[in-house]
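Peer 1:
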Amino acid sequence: MPREYIYVDNVGEAVDTIIRYLESTAHKAVYFEGWNGLGASAVLRAIAEKPPPSLTKKFDKIIHIDCSRWKSRRDIQRAIVDELKLLGHVAAHFDRQDEEDDFSGVEQASRAEILDAKRDIYQTVRDVSCMLVIFHNGSDNMVDMADLGILHFDCRLLWTFRGRFRLDKEIQKKVDSSHLFVDASHSSTYYNELVEEEAGEITLECMYLLSLNYYGGSIMDYSWATHASNYWVCDGIVGDKDSQAAWDVARILHQEIRLEDYSSSTLPEFGDQLSIPPRRWILFLGLYSCMDQENLAVQKEGAVAIEIFQRLWVLDVFQTDWELSFPEEIQEQVATDIREVHIRKGRIWRNSLAWRQLQNLNKLRVIEPTGSWETGKKDELTDMIKLELLHLSGNNSIQVLPSLCGATRLKTLVLDGCVGLEHVGPEGIPPSLESFSLDGGAGKDGKNPAKLSRITLVDCAKLVDFTLLGSLPNLEELDLSRTTVKTINLKMVVQVEKLGRIFVMGCQQLRAIIWPENGMQQLRLLCIDTIDKSLVLTGSREFCWSTTPFKLNLYLSCSINDDGKNCNSEKMDPHFYSTGHVESALVARRSFIHKTYSTYNDVSVNHIVTKNNDSGVLQFEPQGIHVEMGQELVDINVLDSQGIRAIIFVINKVQSFHMCNNSSITTVIPERMLSSGDKISWDALKWCHVQSCPMLKTVFSINYDIYCFQELETIWVADLLMASSIWSRGRIYVGRDTDSFAKLRAIHLYRCPRLTFVLPLSWFCTLSSLETLHIIECSDLRQVFPVEARFLNGIANEHPNGMLEFPMLKDLCLYHLSSLRQICEANIFAPKLETVRLRGCWSLKRLPATNRSQHDALRVVVDCEKDWWDSLEWDGLDFGHHPSLFAPSHSSYYKKQMLRGAVLR
Numbered sequence: 001m002p003r004e005y006i007y008v009d010n011v012g013e014a015v016d017t018i019i020r021y022l023e024s025t026a027h028k029a030v031y032f033e034g035w036n037g038l039g040a041s042a043v044l045r046a047i048a049e050k051p052p053p054s055l056t057k058k059f060d061k062i063i064h065i066d067c068s069r070w071k072s073r074r075d076i077q078r079a080i081v082d083e084l085k086l087l088g089h090v091a092a093h094f095d096r097q098d099e100e101d102d103f104s105g106v107e108q109a110s111r112a113e114i115l116d117a118k119r120d121i122y123q124t125v126r127d128v129s130c131m132l133v134i135f136h137n138g139s140d141n142m143v144d145m146a147d148l149g150i151l152h153f154d155c156r157l158l159w160t161f162r163g164r165f166r167l168d169k170e171i172q173k174k175v176d177s178s179h180l181f182v183d184a185s186h187s188s189t190y191y192n193e194l195v196e197e198e199a200g201e202i203t204l205e206c207m208y209l210l211s212l213n214y215y216g217g218s219i220m221d222y223s224w225a226t227h228a229s230n231y232w233v234c235d236g237i238v239g240d241k242d243s244q245a246a247w248d249v250a251r252i253l254h255q256e257i258r259l260e261d262y263s264s265s266t267l268p269e270f271g272d273q274l275s276i277p278p279r280r281w282i283l284f285l286g287l288y289s290c291m292d293q294e295n296l297a298v299q300k301e302g303a304v305a306i307e308i309f310q311r312l313w314v315l316d317v318f319q320t321d322w323e324l325s326f327p328e329e330i331q332e333q334v335a336t337d338i339r340e341v342h343i344r345k346g347r348i349w350r351n352s353l354a355w356r357q358l359q360n361l362n363k364l365r366v367i368e369p370t371g372s373w374e375t376g377k378k379d380e381l382t383d384m385i386k387l388e389l390l391h392l393s394g395n396n397s398i399q400v401l402p403s404l405c406g407a408t409r410l411k412t413l414v415l416d417g418c419v420g421l422e423h424v425g426p427e428g429i430p431p432s433l434e435s436f437s438l439d440g441g442a443g444k445d446g447k448n449p450a451k452l453s454r455i456t457l458v459d460c461a462k463l464v465d466f467t468l469l470g471s472l473p474n475l476e477e478l479d480l481s482r483t484t485v486k487t488i489n490l491k492m493v494v495q496v497e498k499l500g501r502i503f504v505m506g507c508q509q510l511r512a513i514i515w516p517e518n519g520m521q522q523l524r525l526l527c528i529d530t531i532d533k534s535l536v537l538t539g540s541r542e543f544c545w546s547t548t549p550f551k552l553n554l555y556l557s558c559s560i561n562d563d564g565k566n567c568n569s570e571k572m573d574p575h576f577y578s579t580g581h582v583e584s585a586l587v588a589r590r591s592f593i594h595k596t597y598s599t600y601n602d603v604s605v606n607h608i609v610t611k612n613n614d615s616g617v618l619q620f621e622p623q624g625i626h627v628e629m630g631q632e633l634v635d636i637n638v639l640d641s642q643g644i645r646a647i648i649f650v651i652n653k654v655q656s657f658h659m660c661n662n663s664s665i666t667t668v669i670p671e672r673m674l675s676s677g678d679k680i681s682w683d684a685l686k687w688c689h690v691q692s693c694p695m696l697k698t699v700f701s702i703n704y705d706i707y708c709f710q711e712l713e714t715i716w717v718a719d720l721l722m723a724s725s726i727w728s729r730g731r732i733y734v735g736r737d738t739d740s741f742a743k744l745r746a747i748h749l750y751r752c753p754r755l756t757f758v759l760p761l762s763w764f765c766t767l768s769s770l771e772t773l774h775i776i777e778c779s780d781l782r783q784v785f786p787v788e789a790r791f792l793n794g795i796a797n798e799h800p801n802g803m804l805e806f807p808m809l810k811d812l813c814l815y816h817l818s819s820l821r822q823i824c825e826a827n828i829f830a831p832k833l834e835t836v837r838l839r840g841c842w843s844l845k846r847l848p849a850t851n852r853s854q855h856d857a858l859r860v861v862v863d864c865e866k867d868w869w870d871s872l873e874w875d876g877l878d879f880g881h882h883p884s885l886f887a888p889s890h891s892s893y894y895k896k897q898m899l900r901g902a903v904l905r
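Residues 1 to 905 in the numbering used here are what the sequence shown lists, from first letter to last.
Dropping the structure here:
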């Protein structure tokens, strides 16, 4: 790459020099390295914030993109949209795709640019004659602006990898060879001035951090990632040392600066420029690989300890075993001052200074201690009301987590390697928790396996970051209910053969559960409720469990006004996927596995009956994946593609469906969902029961241009006062479909007064398995099975005698259907018909044709009114449609006798 060395002593001089390169047309892209990585970001920012007239005259548009704090390529594109001040519909592209990626479990760093946004950016900048892009690249790779939408032929680029104290020398090797590389590292420059420019919030005294690294970095690990902000405050660099605000500012500033690239050889020596009073850093005590001199006099040791701890704020112990012994009278004062304790592979006080006395502690790290954690009364941390971070990694002997109920500010809890813990929560976990991590380790050869059996973080309403890794062979239950986690990633859990119960009730932000690659064959219970836009998918298109009984409790709240308490029994009747007898969600954890084999198994309902206990009611038998909709559920109000996709995903896996006593729902699946890319087919549904839903207009909105209801065997519907159909009309299938409704054996319909038809035959085939058709008190019913016109002509021309065969139909029961004119719009041939029971169907003029070779003993029994029988129309014996093939039976008192004249008294 072409490299230009410039000799400038400060940011201002560098700005003037870089501007000359931008005014030239020799290079379209200029990379600025700064002074060994320092100062580059400050130069770019100075040009962007106050561009000289020469640049504003040359460039029609100057945009400044600061992505030094790297998130993803999509974040760059979002920053471009913000700089160009594009309209809201462009920002909506990002919101929509972010939701999609949240839903699919895509990591933030892996989120790429969006094609629609790229198109909008290009359309915005294409009319600009000349533009300048100033870009701070915080990633580890080159970024091509053309990929983001800036395809302008006359676009100039000024950029850097540097910023936020990023000093890694290797990164410069990734600069494109065609870019002009401008380097000021050969200049004679005072680095304290560059640091002041790089981070204006830090004063000249921040050079202490750099000099400390220079003098000791080769022999000591200062753990910048942990202690940078502590150094700044303890040394008086940031704010008033006695102020909590100073610690807050330092922590926030620390988050904005990259310190991982520091090494003792990165910068030249400049520590001799410092003039610091002695004992300046005694507030921070670090003990690294120290030996305790046991021969010191006890009095001398105690005096030294008193002098140190009277002013100590931060204690960091590494590879040091030190027994501190303090007089009882000073313990209270020590506890008042100490803010942070960090112990790694070492030991500090064990007997004389109890943990409970450190009431001012903000951070506590006890990592791989050389002495076992003494839990005492399990209340060591109860009074740490200011504790924000607790890191106990490597404490393999701790069996019970100390109570944290008093640590009302606790945000981060890390328990990696705590293999001796038997359970986490629910007692003692504060609701303020935001981040939780537990790594069970590799679990090789079964040595020292994690004993943890239960993790319960219920009601940690601020919990966003949940990490579970490693081998947890004894884990049986995971409960994250009513937290704000977005993604539950179980992919890295290598051994959880006992995990049988997962609860994520009330997780309003939940977008994805990412399962292990080999599935979770042992899982027995998964309880989810999706509230408003909280939606869940598995990690693949299929469920992960295929060999063991399984119970899935999915509580779906579809109301946009839902208050999130839909798991209370007083709020809703049984909803999605309940096990045992039908019961409320509060007792949904009662595990009852159906004895019959099924991929999933749940509800066992003894009897479903109508209010009048109709004799025709069958026992309802919920299948493996069972859906229930209760009385408080209203219409599904999901508009985004992720929501629709989730609902369709569940629907197409449902094996049995039950909805009753719902006075508000108008349709199970809105018609707008039928136009989505994912097809609603209900292809796993076997049983369906719908009752007492007075506002329901149709049970199934469906299109017939796909295979649908391939497994459906029984449907039972009653008391739908507004329903005009059971299955809606939809797009038809032009070919022969022998799979849809191929297993439908029984249809039971009761008291649906406005029903006009049941199922439109929208494909060129028949109901090949239908055995039972019972319809009672549906006064507006005109046809049971209307036939699409194009298929009606085909039936007349291609089927024997122009009749549609129902080969398995045996039992026909039609009561009080005053408007019924046809069972099917095409004439029916039912060779196995055995019984017909009719009452009050005075508009019906035809019975199905049957097998004409039947002798008297096998004639179809017809129980009906004699007047109705006498008015029937017949096609003749040759068509199997003749009175001699039926055995009519009439009630002896089938019709009230009418008086023929007046009776005078």
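All C-beta atoms in this analysis are idealised placements derived from N, C-alpha and C, irrespective of residue type, glycine included.
Please state if the CB of C693 and the CB of C660 are separated by a distance shorter than 9 angstroms.
Peer 2: yes
Peer 1: Would you kindly report the start and end of the unbroken beta strand (DSSP E) that includes W515?
Peer 2: Segment: none, W515 is in no beta strand (DSSP E) and carries neither H nor E.
Peer 1: How is L115 classed by DSSP in three states: helix, strand or coil?
Peer 2: helix
Peer 1: Please work out which residues of its chain come closer than 7 angstroms, Cβ to Cβ, to R339, disregarding the five sequence neighbours upstream and downstream, and give them in chain order.
Peer 2: W313, V314, N360, L361 and N362
Peer 1: Could one say the Cβ of P760 lies closer than 9 angstroms to chain C's Cβ atoms, at least one of them?
Peer 2: Among the chains in the structure shown there is no chain C, since it carries only a single protein chain.
Peer 1: For a test of the three-state rule: what should DSSP assign to I669, helix, strand or coil?
Peer 2: I669 sits in coil when the DSSP states are folded into three classes, being neither helix nor strand.
Peer 1: With respect to the beta strand (DSSP E) encompassing E49, which residues constitute its N-terminal and C-terminal limits?
Peer 2: Premise fails: E49 lies in the alpha helix (DSSP H), A40 to E49, not in any beta strand (DSSP E).
Peer 1: Kindly indicate the opening and closing residues of the beta strand (DSSP E) around Y5.
Peer 2: R3 to Y5
Peer 1: Where L721 and S728 are concerned, what is the direct C-alpha to C-alpha distance, given to the nearest angstrom?
Peer 2: So the alpha carbons of these two residues sit roughly 16 angstroms apart.
Peer 1: When the Cα of L912 is compared with those of C778, F829 and R45, which residue comes out closest?
Peer 2: Residue 912 cannot be examined here, being either before or after the span of the chain that is shown, 1 to 905.
Peer 1: Helix, strand or coil: how does DSSP classify Q710 here?
Peer 2: Coil, per DSSP.
Peer 1: Between S725, G735 and V106, which lies nearest to R511 when the distance is taken from Cα to Cα?
Peer 2: Closest by alpha carbon: V106.
Peer 1: Quick one: which unbroken beta strand (DSSP E) runs of 3-plus residues sit fully inside the segment 65-138? Chain order, please.
Peer 2: 131-137
Peer 1: Check the DSSP bridge columns for F436 and list the partner residues they point to.
Peer 2: L413 and F466
Peer 1: Note the first and the last residue of the continuous alpha helix (DSSP H) segment covering M145.
Peer 2: M145 to L148
Peer 1: For Y288, which three-state DSSP category applies?
Peer 2: strand
Peer 1: Please confirm whether I65 and E49 have their CB atoms less than 9 angstroms apart.
Peer 2: no
Peer 1: Please list, in chain order, all residues of the same chain as A407 whose beta carbon is under 7 angstroms from its beta carbon, the five residues on each side excluded.
Peer 2: L381, M384, I385, L387 and P430
Peer 1: Do three or more CB pairs link the segment 831-844 to the segment 757-768 at distances below 8 angstroms?
Peer 2: no
Peer 1: Can you give the Cα-Cα distance for F700 and D147, rounded to whole angstroms?
Peer 2: 45 angstroms
Peer 1: With H, G and I counted as helix, E and B as strand and the rest as coil, what does DSSP make of K810?
Peer 2: coil
Peer 1: Which two residues bound the contiguous beta strand (DSSP E) that contains S54?
Peer 2: Here S54 belongs to no beta strand (DSSP E); instead the alpha helix (DSSP H) covers P53 to K58.
Peer 1: Put Q359 into one of helix, strand or coil per three-state DSSP.
Peer 2: coil
Peer 1: Pair every Cβ in the segment 69-82 with every Cβ in the segment 108-115, then say whether three or more of these pairs are closer than 8 angstroms.
Peer 2: yes
Peer 1: List the whole-angstrom C-beta distance separating A826 from V784, where the pair is believed to meet the contact cut-off of C-beta under 8 angstroms.
Peer 2: Not confirmed; about 12 angstroms, so no contact.
Peer 1: Okay, do the segment 4-16 and the segment 122-134 touch, 3+ Cβ pairs below 8 angstroms being the bar?
Peer 2: They do not touch, by the three-pair rule.
Peer 1: What residue range is occupied by the uninterrupted beta strand (DSSP E) comprising F930?
Peer 2: Nothing can be reported for residue 930, as the shown portion of the chain is limited to 1 through 905.
Peer 1: Do G730 and Y704 have their C-beta atoms within less than 9 angstroms of each other?
Peer 2: yes
Peer 1: Return the chain-ordered list of same chain residues with a C-beta closer than 8 angstroms to the C-beta of A461, the five sequence neighbours on each side being excluded.
Peer 2: The answer, listed in chain order, is P431, R482, T483 and T484.
Peer 1: Span of the alpha helix (DSSP H) holding W868?
Peer 2: Here the alpha helix (DSSP H) through W868 covers K866 to D870.
Peer 1: Please state whether the Cβ-Cβ distance between A830 and L809 is less than 9 angstroms.
Peer 2: yes
Peer 1: Using alpha carbons as the reference points, say which of I528, L475, C507 and I514 lies closest to Q522.
Peer 2: The shortest Cα separation from Q522 among I528, L475, C507 and I514 belongs to L475.
Peer 1: Taking the alpha-carbon positions, what's the G163 to G37 distance?
Peer 2: 8 angstroms
Peer 1: Is S178 a contact residue of the ligand GDP, with contact defined as CB to any heavy atom under 8 angstroms?
Peer 2: The ligand content of the structure shown is nil, which means the ligand GDP is not present either.
Peer 1: Assuming L86 and D120 make a contact with CB atoms under 8 angstroms, what is their CB distance in whole Å?
Peer 2: 6 angstroms
Peer 1: What is the rounded straight-line gap between the Cα of H626 and the Cα of F657?
Peer 2: Rounded to the nearest angstrom, the gap between the Cα atoms of H626 and F657 is 6 angstroms.
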